[in-house]
Each structure stands twice: as C-alpha cells, then as structure tokens.
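For reference, the structure discussed in these notes is given below.
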Amino acid sequence: VIGMDAFLADFDLYFAKLFDGLRHDSGDPVEWGEKALAHYEQLRIDANTKRLVFSDALDMPKALALYRHFADRVQLGFGIGTQLSNDMGLPTLNIVIKLTHVNGQPVAKLSDSPGKTMCEDQTFLAYLRQVFKVPSPR
41 VIGMDAFLAD
51 FDLYFAKLFD
61 GLRHDSGDPV
71 EWGEKALAHY
81 EQLRIDANTK
91 RLVFSDALDM
101 PKALALYRHF
111 ADRVQLGFGI
121 GTQLSNDMGL
131 PTLNIVIKLT
141 HVNGQPVAKL
151 SDSPGKTMCE
161 DQTFLAYLRQ
171 VFKVPSPR
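Residues in the sequence shown are numbered from 41 upward in steps of one, following my numbering.
Shown next, in the form of structure tokens:
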C-alpha cells in the first residue's frame, strides 16, 4: 500500500475499467472518495458503474454519513469490523496482522493515515517515499 495519490498515478483507464471498484483503507474517507470519483470522471468512466467500499474504523454513524455523502454518485459498500461486534462503549484495540517480509525481502505500507505506515527496514521505506513522492511525516 502506497497511498491514494500514488495509486491513482498508476490506475489508468485499463485498470479502472477492469476493476469493479476501490476499497478505502486509510486517510480521510470523504477526501479519498472524492479523489476516486474525480479520477473516474477524468477517465470518462461513469462512477455509477463502480463501487467504493469503506472499511477503515467504521461504525454505523460513520457508514451512514458516508452513505449520505456519496449515495447518488457511486455504488457503495461498507465493511464494519470491530464496531459491529464490539460496540460496548469501551476503547477498542487497533490490532491487525500484516506481512513484514516476503521471501526475505521487506514489505511496506505507506498509509494515508500516518500512524498506519509500517516497515521494519527504514532504508526501504525512505526509498519508497522517494519513488512514490510520499512526504515524510512531520
């Protein structure tokens, strides 16, 4: 994962037509969705034929707000995870299992949410930031 801007730079007409939609993973969901819709529009693809799936720290009120914002412009899906079964009002753990290496090589996530960026190899992470023009967090 490299971030929405870097993703859209490579998400050309071929891939935009090939895939049924996109899944939001991090960052502001409204900003992410607006970027996706603008990209489809730039490619002259009717966004009503595509689906945006939101799944980052969702609960019912957030899903409803996103539905109200995007409903008339694109198909929608919602992946409510933790809050679907753990809605007792207690703080939830932010736990996820991610790859750290594949065949001995490091993997990285450059997230649109700064706290979700991860990589055990800081040199590799710096290289990816340079290649994909992702600024270092301040």
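Note that CB positions come from ideal geometry on N, CA and C, so glycine has one too.
- Put simply, of 173, 178, 177 the residue whose alpha carbon is nearest the alpha carbon of residue 44 is 173.
- Looking at the backbone, the Cα of residue 54 and that of residue 131 are separated by about 43 angstroms.
- The beta strand (DSSP E) runs of length 3 or more contained entirely in the stretch 98-152 are, from start to end of the chain, 115-118.
- Take residue 156, set aside five residues on each side of it, and the residues of its chain with a beta-carbon closer than 7 angstroms to its own are 66, 149, in chain order.
- Per DSSP, the unbroken beta strand (DSSP E) holding residue 94 starts and ends at 91-94.
- Sequence-distant partners of residue 161 (beyond 5 residues in either direction) whose C-beta falls short of 7 angstroms from its own C-beta, in its chain, are 146.
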